[in-house]
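J.: Shown below is the structure under consideration.
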Amino acid sequence: MLEKLKVKITQFMEGRYGIDQLYMASIALYFVLALIQLYAQLPLVDLLLTAFFVWIFYRVLSKNLKARYAENEKFLAFTGKVMKRVNPVWQRIRDVRKYRYRKCPECGVTLRLPVKRGTHTTNCPKCKHRFEVKIRV
Ligand SMILES: [Zn+2]
Numbered sequence: 000m001l002e003k004l005k006v007k008i009t010q011f012m013e014g015r016y017g018i019d020q021l022y023m024a025s026i027a028l029y030f031v032l033a034l035i036q037l038y039a040q041l042p043l044v045d046l047l048l049t050a051f052f053v054w055i056f057y058r059v060l061s062k063n064l065k066a067r068y069a070e071n072e073k074f075l076a077f078t079g080k081v082m083k084r085v086n087p088v089w090q091r092i093r094d095v096r097k098y099r100y101r102k103c104p105e106c107g108v109t110l111r112l113p114v115k116r117g118t119h120t121t122n123c124p125k126c127k128h129r130f131e132v133k134i135r136v
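Residue numbers (numbering that gives the first Met the number 0): 0 to 136.
As structure tokens, then:
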């Protein structure tokens, strides 16, 4: 019984796009928005959420693989750009106990310095400029 269903699903999905990163992000966003809507009960949002849900599964069941692949590539390029900005911030938050980040006044490169309270001199590894660094906390 279960095997037959598995075969039928496999046959049905043959030639269809299936799931990708855009699907995963969309479905997560859908559930977050649906949860908010459950409490907010805003007019028209139910309709928009339904349209969003239909669009998500339209992509999964689509046979236009090239177009869906291109959409996913655009999505990945966008999230890549976002992560490029978010990752350094996240890194600083993780390193807050061990390191402080200071910019070289000469070339502008960011240096990761170990936490040593007080005023110190440091060398920029890129331009070899020597400058003072104050670490208070
Ligand atoms: Zn420098």
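Ideal Cβ positions, reconstructed from N, Cα and C, are used throughout, including at glycine.
#1: Where does Y68 land, buried or exposed, given buried means 16+ other C-beta within 10 angstroms?
#2: Give me the DSSP bridge partner(s) of N122.
#3: In whole angstroms, what is the alpha-carbon distance linking V44 and P104?
#4: Helix or strand or just coil, what does DSSP make of R58?
#5: At what residues does the beta strand (DSSP E) containing Y98 begin and finish?
T.: Walking through what the data contain:
#1: Looking at its Cβ environment, which holds fewer than 16 other Cβ atoms inside 10 Å, Y68 is exposed.
#2: Answer is R129, bridged to N122.
#3: When the Cα atoms are used, V44 and P104 turn out to be separated by approximately 50 Å.
#4: Under the three-state reduction of DSSP, R58 is assigned to helix.
#5: In the DSSP assignment, Y98 falls within the unbroken beta strand (DSSP E) covering Y98 to K102.
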